[in-house]
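Have a look at the structure below, then the notes.
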Amino acid sequence: VNTSHTKTHEAKLTKPLLENLDCKNFIYDKALDSKKIRKKLEEQNINPIISYRKNNKKKKIINQTPYKQRNIAESIISAIKRTYGKTIKNKKAQNQQKQTLLKILNYNLNITLKKYSTG
2 VNTSHTKTHE AKLTKPLLEN LDCKNFIYDK ALDSKKIRKK LEEQNINPII
52 SYRKNNKKKK IINQTPYKQR NIAESIISAI KRTYGKTIKN KKAQNQQKQT
102 LLKILNYNLN ITLKKYSTG
């Protein structure tokens, strides 16, 4: 979980997270369509599955099968925000992270309980 004190563009928040990734694919939307980010991922042998912006001259077709996983993740994030609210009330970054993680854990616990209670 990464937090910011101000409204910051996703690309700026993402750069430090790219340092120690341990994955094969990195799936994201057009917000991270930049040469620097793609290059950083490729240097780490990570496949960037990032939509191209409309004005990108090197627009290529991306593999839609893994990109659809992003839609699933976005749906889950949306459900968490609708259920627990989209604002974080804590002032300290450390507490903001804790509050965000608690929302995620609570959501997962509720989904699991519903799954096993309905059989």
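Read in order, the letters of the sequence shown correspond to residues 2 to 120 in the numbering used here. We put the beta carbon where it would ideally sit given N, CA and C, even for glycine.
Item, Value
"Range covered by the beta strand (DSSP E) that runs through residue 53", "Per DSSP, residue 53 belongs to no beta strand (DSSP E) and is neither H nor E."
"DSSP-derived helix/strand/coil call for residue 28", "strand"
"Given 8 Å, three or more beta-carbon pairs between the region 104-115 and the region 78-94", "yes"
"Between the CA atoms of residue 36 and residue 63 - distance to the nearest angstrom", "15 Å"
"Cutoff 8 Å; reference residue 99; Cβ partners in own chain excluding five residues on either side", "91"
"Of the listed residues 44, 31 and 45, nearest to residue 53 (C-alpha basis)", "31"
"CB-CB length for residue 28 against residue 50, believed under 8 Å", "5 Å"
"Residue 67 versus residue 76: straight-line alpha-carbon distance, rounded", "15 Å"
"Residue of 56, 23 and 61 minimising C-alpha distance to residue 45", "23"
"7 Å CB neighbourhood of residue 34 in its chain, flanking five on each side removed", "51, 52, 53, 54 and 57"
"Unbroken alpha helix (DSSP H) run spanning residue 115, endpoints", "94-118"
"Cβ-Cβ distance between residue 117 and residue 81 below 7 Å", "no"
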